[in-house]
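Colleague: I'd like to ask some things about the structure below.
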């Protein structure tokens, strides 16, 4: 690492950061490296980072193909511009790293796959109480006026995870990835000791494995009522599932060191599943449903009605990467 | 005009035959299907039976995978309540069935496409009725048309 850092500016490996459909929290996660970021900056040249540096798309286009060592891309892919940028960075980079839940699995923006462009536009530009739009003006990819033309990126019906748009070499999971995991990933990149392509750079075991409340998990988990965190005063030491609160821990990959649980909130599943699981939501569903302490159909339904938003709970970060990926097209009669 | 590019469901062609994946437990429903064969009962040939040791073994991932790979319906068959060879597997299947059904509905997959039946080894006739009924209902609904983002990418354009 010191050798690389001592080299001239042009010898340093080049790194790029980009954001697609995301909240900006992943950019914050880079800054959260705190003083460690100085080591990173000393070791690499950041050649593109729209949130922090003034390099433009044309600067990236001017680079030679494969000249960037690694591009860290966060956010899901929703627009034509995001798709183009992902393809461009893929061409210019030796490695593409999906950074955070949204690029890993579609993330929270991916829940929009329960709708499509038409229904989203109609809600946002017509139906919300604060909207006044009597002429029914919706965003257009191109608008011409007096011979001048303005453009906007196209808006897709379906939100995609990064690997549904371009080849991805590694995944840094989390909403957002922790500084520790990012630090380890950067060290791995610089030392050249890289794991198998396609690896999620976090331990491949369930979160329960590193949960501080692991010992309080009963042999058999049963519940007669599912509760949301605001409906009870949560014990700070007992397994959250044993308290009847939906904790995605058993269906979620470890690596965050149970951050939310340490703050007395249940896991919502942002690290995604382990490598043995195809569909995180389905796996969590099997676990939650099995906990229901009744053999009576009516009572089972009543207890399960405590899960008020099944898709939003089970697939909070993973709908585009799930087996079904999006809601089916509406039936036209 | 705003239009969506996700393909609308077309009218069902007269010759349409749905494929239905049926997960049958080894101890009851699979034997019912076996018995239906022995009796030479005629029933709709649309189901593809997959034998599992217990209805409790049916991971919700199996069901979603079947739909994602083109099944128009999924049928689960297990032992009657109280009759599970492993005591409680069918109750686990029942609980998962209810939660999975609400997820499928939210994802736009109609109720009739996902069904649970308790059928003992002796109930060949009931199996015939259940399969015929489900096939008729799913046939009327038509194909599922689930699309993957990959297939869908090139077709998606901004409509202006």
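Residue numbers (our numbering), protein chains in the order written: chain D, 976 to 1308; chain W, 4 to 163.
Heads up, the beta-carbon is just placed ideally off N, CA and C, and yes, glycines get one too.
Span of the alpha helix (DSSP H) holding residue 1070 of chain D?
Modeller: Element bounds for residue 1070 of chain D: not the alpha helix (DSSP H) but the beta strand (DSSP E), 1068 to 1074.
Colleague: Would DSSP call residue 1026 of chain D helix, strand or coil?
Modeller: Residue 1026 of chain D: coil per DSSP, three-state reduction.
Colleague: Only counting runs of 3 or more residues, tell me where the beta strand (DSSP E) segments fall wholly within the stretch 987 to 1012 of chain D, in order along the chain.
Modeller: 989 to 994
Colleague: Closer than 9 Å, CB to CB, is residue 21 of chain W near chain D or not?
Modeller: So no, residue 21 of chain W is outside the interface.
Colleague: By the 10 Å Cβ neighbour count, where 16 or more other Cβ atoms means buried, how is residue 1028 of chain D classified, buried or exposed?
Modeller: exposed
Colleague: Our contact map puts residue 63 of chain W next to residue 122 of chain W with C-beta atoms below 8 Å; I'd like the distance itself, whole angstroms only.
Modeller: Rounded to whole angstroms, the Cβ separation of residue 63 of chain W and residue 122 of chain W is 21 Å, and the two are not in contact under 8 Å.
Colleague: Take every Cβ of the stretch 1218 to 1226 of chain D, pair it with every Cβ of the stretch 1238 to 1248 of chain D, and state whether three or more of those distances are shorter than 8 Å.
Modeller: yes
Colleague: Distance check for residue 1060 of chain D and residue 1296 of chain D, CA to CA, integer angstroms please.
Modeller: 20 Å
Colleague: Looking at the strands, I want to know which residues DSSP matches up with residue 1309 of chain D.
Modeller: Nothing can be reported for residue 1309 of chain D, as the shown portion of chain D is limited to 976 through 1308.
Colleague: May I ask you to list, following chain order, the residues of the stretch 60 to 82 of chain W that have a beta carbon less than 7 Å from some beta carbon of chain D?
Modeller: When CB distances to chain D are screened at a threshold of 7 Å, the residues of the stretch 60 to 82 of chain W falling below it are 62, 63, 64, 67, 68, 70 and 71, in chain order.
Colleague: Which residues, in chain order, does the stretch 1242 to 1266 of chain D contribute to contact with chain W at a C-beta distance below 8 Å?
Modeller: 1252, 1253, 1254, 1256, 1257, 1258, 1260, 1261, 1263, 1264 and 1265
Colleague: Beta carbons nearer than 7 Å to chain D: which residues of the stretch 94 to 107 of chain W have them?
Modeller: Residues passing the 7 Å Cβ filter: 94, 95, 97, 98, 99, 101, 102, 103, 105 and 106.
Colleague: Does the beta carbon of residue 134 of chain W come closer than 9 Å to any beta carbon on chain D?
Modeller: It does not: the Cβ of residue 134 of chain W has no partner Cβ on chain D nearer than 9 Å.
Colleague: Note the first and the last residue of the continuous beta strand (DSSP E) segment covering residue 1119 of chain D.
Modeller: In the DSSP assignment, residue 1119 of chain D falls within the unbroken beta strand (DSSP E) covering 1117 to 1120.
Colleague: Please list, in chain order, the chain W residues whose beta carbon lies closer than 9 Å to that of residue 1282 of chain D.
Modeller: 102 and 105
Colleague: Taking only beta-carbon atoms, is residue 1063 of chain D less than 9 Å away from chain W?
Modeller: no
Colleague: How would you label residue 1057 of chain D, buried or exposed, when you count the other beta carbons within 10 angstroms and need 16 or more for buried?
Modeller: By the Cβ-count criterion, residue 1057 of chain D is buried, with 16 or more other Cβ atoms from all chains shown falling within 10 Å of its own Cβ.
Colleague: Distance, Cα to Cα, residue 1012 of chain D vs residue 1203 of chain D?
Modeller: 38 Å
Colleague: Run through the stretch 51 to 132 of chain W for me and flag every whole beta strand (DSSP E) of 3 or more residues, listed as ranges in chain order.
Modeller: 76 to 81 and 117 to 121
Colleague: At a CB-CB cut-off below 7 Å, which residues of chain D make contact with residue 92 of chain W?
Modeller: Those within 7 Å of residue 92 of chain W in chain D number zero; the least Cβ separation is about 10 Å.
Colleague: Just checking residue 1303 of chain D against the ligand GDP - is the residue's beta carbon closer than 8 Å to any of the ligand's heavy atoms?
Modeller: No copy of the ligand GDP occurs in the structure displayed, which carries no ligand at all.
Colleague: Suppose you measure from the CA of residue 48 of chain W to the CA of residue 130 of chain W; what does that come to, to the nearest Å?
Modeller: 13 Å
Colleague: Do the stretch 101 to 121 of chain W and the stretch 137 to 151 of chain W meet, that is, are 3 or more Cβ pairs less than 8 Å apart?
Modeller: yes
Colleague: Quick test of your reading: residue 1114 of chain D and residue 1055 of chain D, contact by CB under 8 Å. State the CB separation rounded to the nearest angstrom.
Modeller: 12 Å between Cβ atoms; not a contact.
Colleague: Compare the C-beta of residue 161 of chain W with all C-beta atoms of chain D and state if any pair is closer than 9 Å.
Modeller: With a pLDDT of 43 at residue 161 of chain W, under the threshold of 50, the predicted position of this residue should be treated as unreliable, and no value is reported.
Colleague: Between the stretch 989 to 1003 of chain D and the stretch 1043 to 1053 of chain D, are three or more C-beta pairs nearer than 8 Å?
Modeller: yes
Colleague: Would you call the stretch 1250 to 1266 of chain D and the stretch 22 to 38 of chain W in contact, with 3 or more CB pairs under 8 Å?
Modeller: no
Colleague: Would residue 27 of chain W be called buried (16 or more neighbouring beta carbons within 10 Å of its own) or exposed?
Modeller: buried
Colleague: What is the residue span of the alpha helix (DSSP H) that residue 1034 of chain D lies within?
Modeller: Under the DSSP assignment, residue 1034 of chain D falls in the alpha helix (DSSP H) whose first and last residues are 1032 to 1037.
Colleague: In the DSSP output, which residue or residues are listed as bridge partners for residue 1049 of chain D?
Modeller: D:994 and D:1074, per the DSSP bridge assignment.
Colleague: By the 8 Å beta-carbon criterion, what residues does the stretch 105 to 130 of chain W contribute toward chain D?
Modeller: 105, 106, 109, 110, 111 and 112
Colleague: Candidates D:1270, D:1131, D:1200 and D:1116: which alpha carbon is nearest residue 1125 of chain D's?
Modeller: Residue D:1116 is the option with its Cα nearest to residue 1125 of chain D.
Colleague: With DSSP run on the structure shown, which of helix, strand or coil describes residue 1289 of chain D?
Modeller: Helix at residue 1289 of chain D.
Colleague: Starting from residue 26 of chain W, follow its DSSP beta bridges and name the residues at the other end.
Modeller: Answer is W:53 and W:79.
Colleague: Could you check what DSSP says for residue 1086 of chain D in three-state terms: helix, strand or coil?
Modeller: Three-state DSSP puts residue 1086 of chain D in a helix.
Colleague: Provide the residue(s) that pair with residue 1124 of chain D in DSSP beta bridges, ordered along the chain.
Modeller: D:1119
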